[in-house]
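Residue numbers are given in full-length UniProt numbering: position 5 of the sequence shown equals residue 5, and the series is strictly consecutive. Glycine residues also receive a C-beta, built at the ideal position from the N, C-alpha and C atoms. In this text, all values refer to a predicted model and were calculated from it rather than measured experimentally. Structure first, commentary second.
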Amino acid sequence: MTGKIAEPRLCNIGTRTLAYDEVRPEHPQGNVLFLTGLGSNRLGWRGQLPVFGETYRTLAIDHRDTGDSDPTDADYATVDQADDAAAFLRAMNAAPAHVVGISMGGFIALNLAVRWPELVQSLTLVSTSAGGESHVKPDAAGLESLRPDFTLSPGDRARRTYSLMMAAGFLEANPKAADAIAANASYRPLTPEQYARQFRSTRTHDVTAELEKLRVPTLVVHGDADPLVRYENGQHLAAHIPGAEFITYSGTGHIPTVERMREFNRDVLNFVRRIEP
């Protein structure tokens, strides 16, 4: 999805300001919060916001030090990002929310559910992991995707990175999707220093010991050809979170929100609609 980028909305959460996008119907049936992954910004959810926004108050944030949110020069941890999300939900009077997180956003969503379960109505974990020693490491292409080439323009850098983490040949076969990825990445691109801080934050994530204690309705979504957060990580989550549902997308890489957009939107909406308020 491409097009004009709207002026960001801003939410003060006390110590910092977070930028967000919002779509909502006249009478929303609940709240949905989208949390994006490493190196990305809120624009990565432009294929989801208008769809979910037909029924729900639907929000997507820029994490701290990303996009239009406040910058920082200090390191932070996944728990800090989760506390940002919790403060955002409270400040926006948007809790409890159906929380959807992809990759690093899934790390944040898991920590949010562990630390602030009263704010989470349901949890959708996409291409993500419990972290810690249970984490199955990337393959060669996945590792290379974690090394962005900052000598390239932001758009070309994103094309290279996403081509490594998505199913082989997807971007070549879907030039509109490739153009949208490049356009999103060109908006307020991360500096090398911001990317390094965000990458270091992912190394702090470990909720392995907490999975069995989760009592939030959970859907795990994973592509079986994910080179970055390997499929075994999704299997581990589904096996250890009580009552978790598991959807596998065959032949799909790390970004099912784009690679399988229609199915993803349908499947997650169906899950969310089954959760009693």
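- For I108, the uninterrupted alpha helix (DSSP H) run begins and ends at M104 to R115, by DSSP.
- Looking at the DSSP output, H98 shares a beta bridge with V32 and S122.
- One thing to note: V268 has its Cβ within 9 Å of the Cβ of V100.
- Straight across, the Cα-Cα distance linking E133 with P25 is about 43 Å.
- By the neighbour-count criterion, in which a residue is buried when 16 or more other Cβ atoms sit within 10 angstroms of its Cβ, R200 is exposed.
- Straight through space, the alpha carbons of P175 and P138 are spaced by roughly 26 Å.
- Taking one beta carbon from each stretch, the region 193 to 213 and the region 83 to 94 have fewer than 3 pairs nearer than 8 Å; the two do not touch.
- Distances from the alpha-carbon of T208 to those of T151, N233 and G142 put N233 closest.
- For T17, DSSP records a beta bridge to N12.
- Ranked by how close their Cα comes to the Cα of L152, the residues A182, V126, D68 and L18 have A182 in first place.
- Counting C-beta atoms within 10 angstroms of its own C-beta, Q29 has fewer than 16 neighbours from the protein chains shown and is therefore classed as exposed.
- Annotation for F150: no beta strand (DSSP E) segment contains it, and DSSP assigns it neither H nor E.
- With at least 16 other beta carbons inside 10 angstroms of its own, H236 counts as buried.
- In the three-state scheme derived from DSSP, where H, G and I count as helix and E and B as strand, H27 is classed as coil.
- Looking from the CA of V136, the closest CA among V229, V23, F170 and R159 belongs to V229.
- Annotated three-state conformation of T257 is helix, per DSSP.
- Using a Cβ distance threshold of 9 Å, V220 and Y56 do not count as a contacting pair.
- Within the region 214 to 274, the runs of alpha helix (DSSP H) that reach at least 4 residues and sit entirely inside it are, in chain order, 231 to 240, 256 to 259 and 261 to 274.
- In the DSSP secondary-structure assignment, E144 is not bridged to any residue.
- A168 and R160 have their C-alpha atoms roughly 12 Å apart.
- The continuous alpha helix (DSSP H) containing L171 extends over residues F170 to A173.
- Under the three-state reduction of DSSP output, L164 falls in the helix class.
- The three-state reading of DSSP puts L89 in helix, counting H, G and I together.
- Assignment of beta-bridge partners to I61 by DSSP yields Y20.
- For A196, the enclosing alpha helix (DSSP H) covers residues P192 to T202.
- Each residue's CA atom was taken as its position, placing D21 and E263 some 23 Å apart.
- The residue from T78, F52, L38 and G44 with its alpha-carbon nearest to that of S145 is L38.
- Where V51 is concerned, the enclosing alpha helix (DSSP H) starts and stops at L49 to F52.
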